[in-house]
Amino acid sequence: MGKDEIDAVVDVLKSGQLAQGKKVDELEKKFAKFCGVKYAVAVVNGTAALHTALFACGIKQEDEVITTPFTFVATANSILMVGAKPVFVDIDEKTFNLNPEKIKPAITKKTKAIIVVNLYGQPADYAAINEMAKKYNLIVIEDAAQSINARYKNKMSGNLADIGCFSFYATKNIMSGEGGMITTNDKLHYEKARMFRHHGEKQNKRYEYFDLGYNYRMTDMAAALAIPQLKKIKSITKIRQNFAKIFNDKFGKIENLTVPTISQGRTHVYHQYVLRVKKNPKISRDELQRFLKNKGIQTNIHYPKPLYEFNHLQFPVNHRSKFPVTEKASKEVLSIPIHPHLSGNEIHHIIDTIKEFYCV
Ligand SMILES: *Cc1c(COP(=O)(O)O)cnc(C)c1O
3 MGKDEIDAVV
13 DVLKSGQLAQ
23 GKKVDELEKK
33 FAKFCGVKYA
43 VAVVNGTAAL
53 HTALFACGIK
63 QEDEVITTPF
73 TFVATANSIL
83 MVGAKPVFVD
93 IDEKTFNLNP
103 EKIKPAITKK
113 TKAIIVVNLY
123 GQPADYAAIN
133 EMAKKYNLIV
143 IEDAAQSINA
153 RYKNKMSGNL
163 ADIGCFSFYA
173 TKNIMSGEGG
183 MITTNDKLHY
193 EKARMFRHHG
203 EKQNKRYEYF
213 DLGYNYRMTD
223 MAAALAIPQL
233 KKIKSITKIR
243 QNFAKIFNDK
253 FGKIENLTVP
263 TISQGRTHVY
273 HQYVLRVKKN
283 PKISRDELQR
293 FLKNKGIQTN
303 IHYPKPLYEF
313 NHLQFPVNHR
323 SKFPVTEKAS
333 KEVLSIPIHP
343 HLSGNEIHHI
353 IDTIKEFYCV
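Okay, so the sequence shown: first residue is 3 according to this note's numbering, each after it adds one.
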């Protein structure tokens, strides 16, 4: 946290208005402008953003929502929160995002929406997905928790579908400890989202409740933290992209590793920098991870278990045999550090250690 963020929070503490107030309004206005959308609604976290978006789009019990099994669990849990059923489809080998060709066979009479995740910070194939959605009259929700500031054909993430959902959790590219945001150009979705955030109350109709709602309000302290970071997001992204360029150059030459690929017309904001460690009976992904750990380099696996492996998400339509690409990815991916505060020495330590492991 820089001085800007600390001063901004102290100002809120001194102002006497800690809960949702002027700072939340300011963040919403700036965020909508940044994404190029008409409306933004701040909420308490990214999971609440997804839940609110599904409710605002009218998704309810018995409906089916198509999504990817290779994502953080919140994506699918939000579907259960409105009583609907997550239907998983397999991912694309190169980008780890939803494979648009797998969507059509999964559509039934009950399908109402698709939640598209821009995994690791790269937008999915929205041209194909939005076209399919139009044809079958489906809502498209963008899970943009990892893709703030990414672009798809000159549109910003958050403006690529009917409604976008962001997270400002502590590890995300901009953060407020906990926080979330919904973006949309649709006035009705906007109004429903605002009501849902505060017990179903309409603006200026105090203690009148028009529908079910929750307390999903963001605090002014969290908003005050996010505002200065939104200002810096372009430079934060640049640093991540520069680190990725250095890694691509070095690791692209190692036979056992596959570096991230970016599909045409998109930018990648590298929320995670993910290597694919090709299966090799002698040297596995997990061995590389252990080796790095012993040299003081923390890595992570996003994600070790596809979501259809968890009991509460196991519906008959989600049978494991349908997901060969997801199965393989979960065994091969390894996220290495790409935080903007890494030093040049740390970047070189990561490169040298991985080269040492492969004896190159
Ligand atoms: C972080 C994340 C979420 C959930 O956001 P929280 O703020 O942690 O609730 C949802 N989807 C994806 C893809 C995420 O990475």
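Virtual Cβ for every residue (Gly too), placed ideally from N, Cα, C.
Test item: CB-CB of residue i and residue j under 9 angstroms
i: Phe198; j: Met183; result: no
i: Pro102; j: Asn320; result: no
i: Ser159; j: Ile150; result: yes
i: Leu344; j: Asn302; result: no
i: Cys37; j: His191; result: no
i: Thr70; j: Ile117; result: yes
i: Val91; j: Lys333; result: no
i: Tyr305; j: Thr73; result: yes
i: Leu259; j: Tyr128; result: no
i: Leu82; j: Leu309; result: no
i: Glu193; j: Lys207; result: no
i: Lys280; j: Glu257; result: yes
Cβ-heavy atom distance, residue i to ligand 1, below 8 angstroms
i: Ser169; result: yes
i: Gln376; result: Residue 376 lies beyond the residue range present for the chain, which begins at 3 and ends at 362; the question has no answer from this structure.
i: Asp145; result: yes
i: Val89; result: no
i: Asn47; result: yes
i: Leu100; result: no
i: Leu52; result: yes
i: Gln148; result: yes
i: Phe312; result: no
i: Lys174; result: yes
i: Ala55; result: no
i: Val119; result: yes
i: Phe74; result: yes
i: Thr269; result: no
i: Gly182; result: yes
i: Thr113; result: no
Per DSSP, the bridge partner or partners of residue i
i: Leu100; result: Ile93
i: Asn302; result: Ser337
i: Thr69; result: Phe90
i: Ile117; result: Ile143
i: Ala21; result: DSSP, once it has assigned bridges, lists no residue as partnering Ala21.
i: Val43; result: Ile184
For residue j and residue i, believed in contact at Cβ under 8 angstroms, the rounded distance
i: Asp65; j: Lys114; result: 4 angstroms
i: Ile299; j: Thr355; result: 6 angstroms
Completely contained alpha helix (DSSP H) runs for the segment 148-234, where each covers 4 or more residues: Runs of the alpha helix (DSSP H) inside the segment 148-234: 189-199.
Length-filtered (4 minimum) alpha helix (DSSP H) runs lying within the segment 325-349: 326-334
Unbroken stretches of the beta strand (DSSP E), 3 residues or longer, contained in the segment 246-283: Annotation note: the segment 246-283 contains the following uninterrupted beta strand (DSSP E) runs of length 3 or greater, listed N- to C-terminal: 275-279.
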